[in-house]
């Protein structure tokens, strides 16, 4: 009976995969009134902004953090340093920029309409999609640029520092027509990997995110510095109470049938699943790249077959084959040839008694240079 149930469940996998795919879509709302200022704060490494301008509740205020390398903070700083370099903000200088060019007044010269979406094709890997139309209301200069800012309303790094409206991610690879009345279709995707590298994991933290669409530029005949000529502030509705609609939602009957089948299979294999080992991994202290792996065998013996690192990481030596008896534990180190600028993915291969082969993907975020206390190796 179980075999027939499994075969029937496999036949329904295409529908089941569609059911677990998520597509949360919502409209881009009206632009922020142009009498409300857009203020960018560049705080110092102490998180204070002594020389920043005073703001009101009516202002749209974002914060750029620039000191992760210097302080070992888990906040990203690449986009902040890029923005500061474009605006001439020196390191360790706290400063504010109003409306992109220091002017108290800004204009609305571009209409943006369409939808934003949070999608997931793989479990717990969410990414952002924008499907927009862009229409300039006047002729614009060629230096106009559209920015997508992924902002965290209240953010705390691993040292306990706190910032409000922290810019986690900046995407500005967007092109559109610059002549008045000429409508462009703009489609932008910000990948899961891109967001995850900026510390945005919507599967782990689903609340308190906003997307800002900021267009910088000027009219065709203007000789002024480019400023904010369109501003949209959109909340990300990742809560189920705020969903506009969910694509790929199967009928209730299908869900009920699938649940019955899954329950019958899971119930029969419950004891086996409890035999899988518990695995923990962490970066080791010290100058050289190395991790410590701890394995607790539960109800089944576990044979370690080896492991391999995904590119660009490369292991220094291998892992000794060994067997861990049920109810016991072991630990060992895995060393790597050099540091890289992206997180580590390690595939640990095991043989679990009566359960067969098993591969555990171990993912660790990159340690900062301050935590390593050394320069990156060159070879």
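In the working numbering, the protein residues as written are -2 to 376. From the three backbone atoms N, C-alpha and C, an ideal C-beta is built for every residue, glycine too. Small disclaimer: the values here were computed from a predicted structure and weren't measured.
Which of the three DSSP states, helix, strand or coil, is assigned to residue i?
| i | result |
| --- | --- |
| residue 279 | strand |
| residue 215 | coil |
| residue 190 | helix |
| residue 227 | strand |
| residue 76 | helix |
| residue 81 | helix |
| residue 105 | coil |
| residue 20 | strand |
| residue 203 | coil |
| residue 166 | strand |
| residue 364 | coil |
| residue 88 | coil |
| residue 176 | coil |
| residue 293 | strand |
| residue 303 | strand |
| residue 156 | coil |
| residue 151 | strand |
| residue 53 | coil |
| residue 98 | coil |
| residue 311 | coil |
| residue 27 | coil |
In angstroms with no decimal places, state the Cα-to-Cα distance between residue i and residue j.
| i | j | result |
| --- | --- | --- |
| residue 291 | residue 357 | 13 Å |
| residue 247 | residue 21 | Only weak support is given to the placement of residue 247: the predicted model assigns it a pLDDT of 46, under 50, and the value that follows is read from those uncertain coordinates. C-alpha separation (whole angstroms): 15 Å. |
| residue 143 | residue 105 | 13 Å |
| residue 166 | residue 74 | 9 Å |
| residue 350 | residue 298 | 5 Å |
| residue 87 | residue 69 | 20 Å |
| residue 82 | residue 206 | 26 Å |
| residue 359 | residue 76 | 28 Å |
| residue 376 | residue 310 | Here residue 376 scores only 40 on pLDDT, less than 50, and its place in the model should not be relied on; the value that follows carries that caveat. One C-alpha to the other measures close to 12 Å. |
| residue 120 | residue 138 | 43 Å |
| residue 276 | residue 293 | 7 Å |
| residue 98 | residue 303 | 57 Å |
| residue 241 | residue 148 | Residue placement at residue 241 cannot be trusted, given a pLDDT of 41 that sits under 50; the coordinates are not used to answer. |
| residue 29 | residue 95 | 15 Å |
| residue 346 | residue 322 | 16 Å |
| residue 320 | residue 355 | 14 Å |
| residue 173 | residue 220 | 21 Å |
| residue 274 | residue 201 | 24 Å |
| residue 49 | residue 307 | 44 Å |
| residue 85 | residue 197 | 27 Å |
Considering just the uninterrupted stretch of the beta strand (DSSP E) at residue i, what are its terminal residues?
| i | result |
| --- | --- |
| residue 65 | Premise fails: residue 65 lies in the alpha helix (DSSP H), 65 to 68, not in any beta strand (DSSP E). |
| residue 353 | 353 to 361 |
| residue 132 | 122 to 133 |
| residue 335 | Neither: residue 335 is in no beta strand (DSSP E) and is coded neither H nor E. |
| residue 320 | 319 to 321 |
| residue 345 | 341 to 349 |
| residue 37 | 35 to 39 |
| residue 379 | Lying before the first or after the last residue shown, residue 379 is absent from the chain, which here runs from -2 to 376. |
For residue i, verify whether its CB is less than 7 Å away from any heavy atom of the ligand NAD.
| i | result |
| --- | --- |
| residue 33 | Within the structure as shown, the ligand NAD is missing, as the structure has no ligands at all. |
Nearest to residue i by CA position, among the options, is which residue?
| i | options | result |
| --- | --- | --- |
| residue 301 | 279, 353 and 287 | 353 |
| residue 186 | 168, 307 and 141 | 168 |
| residue 92 | 47, 55 and 118 | 47 |
| residue 384 | 64, 190, 347 and 364 | Residue 384 falls outside the range modelled here, since the chain spans only -2 to 376, and no answer is possible. |
| residue 128 | 307, 111, 57 and 29 | 111 |
| residue 177 | 219, 35, 329 and 108 | 108 |
| residue 164 | 190, 141, 182 and 195 | 195 |
| residue 211 | 171, 200, 321 and 273 | 171 |
| residue 278 | 234, 285, 222 and 344 | 344 |
| residue 24 | 49, 53 and 130 | 130 |
Please report the Cβ distance between residue i and residue j, rounded to the nearest whole angstrom; I am assuming they are in contact, meaning their Cβ atoms lie under 8 Å.
| i | j | result |
| --- | --- | --- |
| residue 287 | residue 332 | 4 Å |
| residue 26 | residue 59 | In fact, because the Cβ distance is near 18 Å, the residues do not count as touching under 8 Å. |
| residue 135 | residue 216 | 5 Å |
| residue 295 | residue 313 | Their Cβ separation, rounded to whole angstroms, is 31 Å, which puts residue 295 and residue 313 out of contact at 8 Å. |
| residue 113 | residue 231 | 6 Å |
| residue 62 | residue 160 | 6 Å |
| residue 140 | residue 224 | At roughly 11 Å, the Cβ-Cβ gap does not stay under 8 Å, so residue 140 and residue 224 are not in contact. |
| residue 289 | residue 325 | So it is not a contact: roughly 17 Å between Cβ atoms. |
| residue 57 | residue 132 | Their Cβ separation, rounded to whole angstroms, is 22 Å, which puts residue 57 and residue 132 out of contact at 8 Å. |
| residue 146 | residue 209 | 4 Å |
| residue 35 | residue 103 | 7 Å |
| residue 71 | residue 155 | 5 Å |
| residue 342 | residue 158 | Not a contact, Cβ separation roughly 28 Å. |
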